[in-house]
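Data block below; observations after.
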Amino acid sequence: MQASVAGATAEVIRRFGRVDVLVNNAGYAVRGAVEDSRMNKFHEMFDVNVYGVMRMIRAVAPHMRQQ
Numbered sequence: 006m007q008a009s010v011a012g013a014t015a016e017v018i019r020r021f022g023r024v025d026v027l028v029n030n031a032g033y034a035v036r037g038a039v040e041d042s043r044m045n046k047f048h049e050m051f052d053v054n055v056y057g058v059m060r061m062i063r064a065v066a067p068h069m070r071q072q
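Residue numbers 6 to 72, in the working numbering, belong to the letters of the sequence shown in order.
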């Protein structure tokens, strides 16, 4: 996951030279009753919805600060 974040960030910098805006729009929900759902589905959802946002901010913020 971190490699894809780093790769995407590097490609944006290479192509455009800067990052002006970051829109963290990825996310999804686990549907169904909590007691019937597998815990790993909630871990995966949390990884995308929370840690994914944090990964992107951590990758892009240093570039934005330099600007």
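Just so it is clear, CB atoms sit at the ideal spot from N, CA and C, and this is done for glycine as well.
Keep in mind the model is a prediction, meaning the values are calculated, not measured.
Item                                                                                                                                                   : Value
Using the rule of at least 16 other Cβ atoms within 10 Å of the residue's Cβ for burial, across every protein chain shown, is Ala64 buried or exposed? : buried
Could you tell me the boundaries of the alpha helix (DSSP H) in which Val10 lies?                                                                      : 7-21
Beta carbon of Asn29, beta carbon of Met61: below 7 Å?                                                                                                 : yes
Pick helix, strand or coil for Asn54, following the three-state DSSP scheme.                                                                           : helix
How big is the Cα-Cα spacing for Glu16 and Val58?                                                                                                      : 18 Å
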